[in-house]
Amino acid sequence: MKQRLYKNLVIASFLFGGILACTPMDDYKKFIGDGEISYTGRVDSVKIYSGEERVMVEGLLISDPKVCGCLIFWNNKRDSLDVPVERTEKVDTLRQIINLPENLYNFELYTYDQFNNRSVPVYKTGHSYGKNFISRLTNRPLDGTPISSEEGLSVKFLPVDKTLGPIYTVISYTNNQDKVDTVHIAIDQESSSIKDYKLGSKFSHYTLYIPDTLCIDTFKSVMQKDVVPMTKISKKNWEITDFDTQEETGEQGGKYGWAKQIIDDDITTYWHACHTCNPRPPFPHWISFDMKETNEVTSFELTPRQDGGDPFKDFQILGSMDGTYWTSCGEFTLKNNRSTQRFSFTKPCTMRYVQIYMKNDYSGQPYTYLAEITLFK
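All residue numbers for the sequence shown refer to the working numbering, where the first residue is 11 and numbers rise by one.
Here it is, written out as structure tokens:
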């Protein structure tokens, strides 16, 4: 039985050998191929840079001098680009812009030589941004109304959503030489002061975005145009005309106590109702001053004493054209803290003379304090 099996195997071997011996060479290659497969050197350090309706493909050609081109595929190889390559003796850089609609793309890169031998593939992902992304960009909001004065423009900003990549807010303004200028404000910067801002002019602002660290384009929000700041009314000619009380001793060499210290543009000095008087004058207290010109006042700020003491509470602002006949511009309440507090009139109050009329305070004492009053138009 074993002898018969061996005999059959020997016969089969001779028959298979005969078949191979009679097969043409081309048919033989069907079984063994053309020999060892040849690959070109692939692209190294590939990056896909994002952009506006485009991407930029970048990589290094290092090891293979035979490479003469690079094939870039995307959309599951439905779309492609053939990029010619001219190699040198050094490391060469592949850099190619591809215009693409907004989307996230998967790219497949191959190098090839003159015999169409290809490299192994390199896979990378890249993003093209467009109208949909731009529609989501918001301008960083202003924190209150900006203030202009002879010292320049002061602007404060609220926080903005950082997930879309805001980097700067740009203010476009007219400078003191009547030329349009710009200033870039970092996204973490809460305020900015522009010294050469032309008093009485308008400004515009917008926010710049870079959505990711590999983005080659900068995007911007819709510009907010023709912003009108409040104008701080200069105090250089103001003069105190009346008050019911002050601390006549002028404490600490005149740094504290006098009524004129509420208009000296210095919040470290303050007026103090007389506390050395006997009896101490009770509420109400008032101080009047002359601006030396008529202004249409829209709002004002009060700064309480900075080194302690309770401020007054309820008060009134009165206006006059002659310093004799007064009209109420509004009644307000000062918060019990040391911050500068801003108040607005329901409608502009036209006046030359101003009186702050203090009705009561938080401490229950007959005396109180004020560091500074500032008016805006």
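We put the CB at the ideal spot given by N, CA and C, even for glycine.
To the nearest angstrom, report how far apart residue i and residue j are at their CA atoms.
i: D227; j: E62; result: 6 Å
i: C78; j: P156; result: 60 Å
i: I181; j: T121; result: 47 Å
i: D102; j: C80; result: 13 Å
i: S211; j: E200; result: 22 Å
i: Y266; j: T286; result: 13 Å
i: L174; j: G154; result: 24 Å
i: N149; j: K242; result: 26 Å
i: D37; j: F125; result: Residue confidence for D37 is low, a pLDDT of 42 falling below 50, so the modelled location carries little weight and cannot support an answer.
i: P358; j: V307; result: 5 Å
i: P376; j: C284; result: 9 Å
i: T304; j: S338; result: 16 Å
i: Y335; j: F299; result: 14 Å
i: D274; j: L152; result: 28 Å
i: T192; j: L70; result: 39 Å
i: K225; j: A196; result: This sequence places Cys at residue 225; Lys is not what is there. So the two alpha carbons sit approximately 19 Å from each other.
i: V165; j: V238; result: 11 Å
i: E341; j: V364; result: 14 Å
i: I108; j: T223; result: 19 Å
i: S349; j: Y183; result: 29 Å
i: H194; j: Q262; result: 43 Å
i: F24; j: D123; result: Residue confidence for F24 is low, a pLDDT of 37 falling below 50, so the modelled location carries little weight; the figure read from the coordinates is stated next. Approximately 44 Å between the Cα atoms of the pair.
i: K246; j: R146; result: 47 Å
i: K40; j: G140; result: Note that K40 scores a pLDDT of 40, beneath 50, so its modelled location is shaky and nothing firm can be said.
i: M331; j: G264; result: 31 Å
i: W84; j: P169; result: 39 Å
i: D92; j: P176; result: 36 Å
i: T343; j: L328; result: 15 Å
i: E99; j: D188; result: 56 Å
Could you check whether residue j and residue i sit closer than 7 Å to each other, using their CB atoms as the reference points?
i: L218; j: Y178; result: yes
i: Y216; j: K235; result: no
i: M233; j: S214; result: yes
i: P291; j: T255; result: yes
i: I272; j: I383; result: yes
i: R105; j: E160; result: no
i: S60; j: G162; result: no
i: K134; j: I82; result: no
i: W268; j: M301; result: no
i: Y207; j: H282; result: no
i: N86; j: E112; result: no
i: V190; j: V132; result: no
i: K270; j: I250; result: yes
By alpha-carbon positions, which one of the options ends up nearest to residue i?
i: D320; options: V132, Y207, S373, T334; result: S373
i: D252; options: G333, I327, Y183, L312; result: G333
i: E345; options: T360, N370, G329, M331; result: At residue 345 the sequence reads Lys, which differs from the Glu that was named. The residue with the shortest Cα to Cα distance from K345 is N370.
i: R128; options: S145, V53, N113, H137; result: V53
i: V65; options: L110, F83, D89, R88; result: L110
i: R97; options: S73, N126, E258, S244; result: S73
i: D198; options: K357, T259, D171, I250; result: D171
i: N186; options: G264, L209, S203; result: L209
i: V130; options: K166, S298, Y49; result: Y49
i: K76; options: E341, D89, E249, P94; result: P94
i: L114; options: S138, L91, G260, E99; result: S138
i: A381; options: Y183, F167, T279; result: T279
i: M361; options: N347, S90, T378, L385; result: L385
i: S202; options: T184, P221, P176, F167; result: F167
i: D317; options: S145, N347, K100; result: N347
i: F117; options: R88, G140, Q262; result: R88
i: I144; options: I220, S158, D188, L328; result: I220
i: S244; options: S330, K387, W84; result: K387
i: S158; options: P169, K205, D123, R146; result: K205
i: N288; options: E258, G264, R146; result: E258
Which partner residues does residue i have in the DSSP bridge list?
i: W268; result: Beta-bridge pairing links W268 to no other residue.
i: K357; result: BP columns for K357 are empty, so no partner.
i: E118; result: F83, Y133
i: Q365; result: S298, L328
i: G333; result: None; G333 has no bridge partner.
i: E382; result: T313
i: W281; result: G267, L380
i: E249; result: D300
i: I58; result: V67
i: M240; result: I157
i: I195; result: T179
i: C78; result: Per DSSP, none; premise fails for C78.
- Check whether the segment 324-333 touches the segment 360-370, counting contact only when three or more Cβ pairs, one atom from each stretch, lie closer than 8 Å. yes
- Query: Are at least three pairs of beta-carbons, each pair with one atom in the segment 342-357 and one in the segment 308-315, less than 8 Å apart?
  - Reply: yes
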